[in-house]
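Read through the structure below, which is laid out as structure tokens, and then see the notes.
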Amino acid sequence: RFTDVTATSAVGDSSWGAHAAFSDVDRDGDLDLYVANYMDFDPGDNRRCFRGEAREYCGPNTYAGQSGVLYRNDGDLRFSDITEEAGLSTERGKQLAAVFGDLDEDGDEDLFIANDKNPNFLFVNDGKGHFVESGAIAGVAYNEEGVAESAMGADLGDVDNDGDMDIIVATFQWLPNTLYRNDGDGFFSDVTFAAGLGAESVPYLGMTAAFLDYDNDGFLDVFVANGHLDANVQDFDPSTSYEQINQL
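Numbering (our numbering), first residue to last: 12 to 259.
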């Protein structure tokens with residue numbers, strides 16, 4: 012049985028929260044909370060978007076982006092908003108997924124954020140709970156063609172068993188789900204097509220992706236949950252459908 016402690020815990024931000032992730036950012040033994048925010052939406056400005064005469068969900072370029080919120084765990088289920096002092100308030104994206112992991116292998120937790128139709132973010136932790144956005148330098152902001160993809164979900168895992176964390180990103184339809192291989196020292200390469208994950212994923216809208224060793228052979232596999240946003244998508248795109256198969 013659960014009790015709603017949002018108000019007393021001070022985590023009731025009213026922005027368009029799309030994803031959440033926990034990690035001990037300041038290494039004090041308790042879990043801090045990051046909430047990824049999507050777009051700066053005002054119910055009083057509920058725009059209507061169409062493809063021809065068929066109505067569709069408005070795309071990510073319709074509204075401005077937002078920064079996420081980092082809550083420091085102060086103990087006793089109480090949190091403090093430390094977004095600004097942690098260096099996470101300056102970058103505004105269209106955030107749909109956030110995952111923590113030691114991506115540069117320096118002993119602290121970094122933060123990867125998948126953005127919709129905007130460059131992805133990689134916030135590198137300096138070891139003291141302060142972050143510097145380094146996505147473009149690290150090679151994870153864009154795909155190998157230099158495109159800021161419509162990223163929907165993400166996961167971390169050591170897919171090549173070399174001891175460091177790689178990144179899988181699920182993307183919108185007609186884009187390949189993207190695999191960023193960790194080359195060490197915080198730099199990554201897009202190896203999507205070389206790994207066989209490109210062409211098979213293009214026809215589908217990936218909502219999220221996860222690493223798992225499905226067949227227990229010691230190597231991580233990839234599961235992608237697919238499905239379109241628009242229930243009436245066939246009205247304006249007969250080549251696809253609302254219901255889509257998942258992929259493994």
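Built from N, CA and C at the ideal position, the CB exists for glycine as well.
Task: Sequence ranges, beta strand (DSSP E) only - wholly within the stretch 120-208, length at least 3 - done: Within the stretch 120-208, the complete beta strand (DSSP E) runs of at least 3 residues are 121-126, 132-136, 142-144, 162-168, 177-182, 189-195 and 198-201.
TODO: Measure the alpha-carbon distance for T101 versus R192 and round it to whole angstroms.
DONE: Whole-angstrom Cα-Cα distance: 27 angstroms.
- [ ] Alpha carbon to alpha carbon, how far is V202 from K260? Give it in angstroms, no decimals.
- [x] Absent from the model: residue 260. The displayed extent of the chain is 12 to 259, so no value can be given.
Task: Endpoints, beta strand (DSSP E) assigned at T219 - done: T219 -> beta strand (DSSP E) spans G217 to L223.
- [ ] Tell me whether the beta-carbon of A125 lies closer than 9 angstroms to the beta-carbon of A97.
- [x] Cβ atoms of A125 and A97: not closer than 9 angstroms.
Task: Continuous beta strand (DSSP E) stretch holding A29: start and end - done: Under the DSSP assignment, A29 falls in the beta strand (DSSP E) whose first and last residues are G28 to S34.
Open item on the list: Just to confirm before moving on: does the CB-CB distance between T279 and M163 stay below 9 angstroms?
Closed with: Residue 279 falls outside the range modelled here, since the chain spans only 12 to 259, and no answer is possible.
Open item on the list: Please give me, in chain order, every unbroken run of the beta strand (DSSP E) with length at least 3 that falls completely inside the stretch 41-92.
Closed with: Scanning the stretch 41-92 for uninterrupted beta strand (DSSP E) segments of 3 residues or longer gives 43-48, 60-62, 65-67, 80-86 and 89-92, listed from N- to C-terminal end.
- [ ] Between the Cα of A221 and those of I179, S20 and V36, spot the shortest distance and give me the residue it belongs to.
- [x] Answer by Cα proximity: I179.
Open item on the list: Could you tell me the alpha carbon to alpha carbon distance between T94 and S250, rounded to whole angstroms?
Closed with: The alpha-carbon atoms of T94 and S250 are separated by roughly 43 angstroms.
Open item on the list: For A18, report the span of its alpha helix (DSSP H) as first-last.
Closed with: T17 to S20 is the span of the alpha helix (DSSP H), which, as asked, contains A18.
Open item on the list: DSSP has V233 in a bridge; who is on the other side?
Closed with: Beta-bridge pairing links V233 to F222.
Open item on the list: Rounding to the nearest angstrom, what Cα-Cα distance links R38 and V151 in this structure?
Closed with: Near 25 angstroms, if we compare the C-alpha coordinates of V151 and R38.
Task: DSSP-derived helix/strand/coil call for Q106 - done: Note: Q106 maps to strand in three-state DSSP.
Open item on the list: Within 8 angstroms, do at least three Cβ pairs link the stretch 107-120 to the stretch 52-60?
Closed with: Counting Cβ pairs under 8 angstroms, fewer than three are found: no touch.
- [ ] Taking the CB atoms as reference points, tell me whether Q106 and G146 lie closer together than 9 angstroms.
- [x] Q106 is not a Cβ neighbour of G146, given a cutoff of 9 angstroms.
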